[in-house]
Ligand SMILES: [Zn+2]
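In this note's numbering, the protein residues as written are 69 to 263.
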């Protein structure tokens with residue numbers, strides 16, 4: 069009886085927004101992962117009406133098939149930024165004006181909402197000196213990354229092709245002075261793989 073009532077309720081008539089793959093369903097952190105994806109997804113109205121399937125990966129922080137509806141996440145190093153980056157991949161190749169490429173994906177993902185900027189991007193240069201003593205992104209920095217990425221995308225809209233370089237220069241300009249050498253070093257040793 070319970071089941072029948074649930075099937076008849078209007079909310080069940082809609083497609084689920086986020087579902088776990090068979091592998092993620094067995095993971096102890098599945099609810100945490102799905103809750104986070106659901107939060108990030110609020111800022112992706114382009115995906116309304118679609119079901120996103122979330123799987124697991126241990127080889128990278130995250131993966132996605134550009135233009136698809138499936139992402140893979142690593143629960144042990146999950147951030148809102150990683151989820152946003154992967155969801156942007158899903159919007160690529162859909163004629164939505166979002167170019168392909170990892171660096172573009174980073175800039176577009178940071179321009180969605182400041183609360184999603186909780187980790188350094190993997191492909192565009194953001195100095196380590198912007199992080200706090202615990203390696204976290206302070207709220208002021210998350211807001212700054214949001215503003216600068218919005219500006220960069222507005223410039224792209226106006227026809228500027230160097231919008232990613234603009235983003236990196238502006239972030240560098242707003243960073244503490246010892247930034248440049250550290251960020252270059254971190255780029256070289258970075259083992260964080262995102263696709
Ligand atoms: Zn990627």
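Note that beta-carbon positions come from the ideal geometry of N, C-alpha and C, so glycine has one too.
Please read all numbers here as calculations on a predicted model, not as lab measurements.
Which same chain residues, not among the five before or five after residue i, have their C-beta less than 6 Å away from its C-beta?
i	result
residue 97	143
residue 112	155
residue 105	86, 122 and 151
residue 209	198
residue 231	220, 223 and 224
residue 189	174
residue 162	135
residue 238	216
Return the chain-ordered list of same chain residues with a C-beta closer than 7 Å to the C-beta of residue i, the five sequence neighbours on each side being excluded.
i	result
residue 84	119
residue 88	98, 102 and 122
residue 218	179
residue 126	142
residue 236	192 and 193
residue 95	124 and 143
residue 114	159 and 164
Residue i and residue j: beta carbons closer than 9 Å?
i	j	result
residue 158	residue 130	no
residue 240	residue 171	no
residue 195	residue 244	yes
residue 146	residue 100	yes
Who are residue i's beta bridge partners in DSSP?
i	result
residue 140	123 and 131
residue 86	120
Give me, in chain order, the residues of the same chain whose beta-carbon lies closer than 8 Å to that of residue i; leave out the 5 immediate sequence neighbours on both sides.
i	result
residue 165	none
residue 148	104, 107, 108, 183, 184, 185, 186 and 187
residue 73	Residue placement at residue 73 is poorly supported in this model, since its pLDDT is 48, which falls under 50; the coordinates still yield a value, given next. Same-chain partners within the cutoff: there are none.
residue 91	123 and 124
residue 234	219, 220, 223 and 228
My guess is that residue i and residue j are in contact by the Cβ rule of under 8 Å, so how many angstroms apart are they, rounded?
i	j	result
residue 202	residue 173	With 8 Å as the limit, residue 202 and residue 173 do not qualify as a contact, their Cβ atoms being about 26 Å apart.
residue 139	residue 132	5 Å
Meets three-Cβ-pair contact criterion under 8 Å: the segment 179 to 187 and the segment 208 to 221
yes
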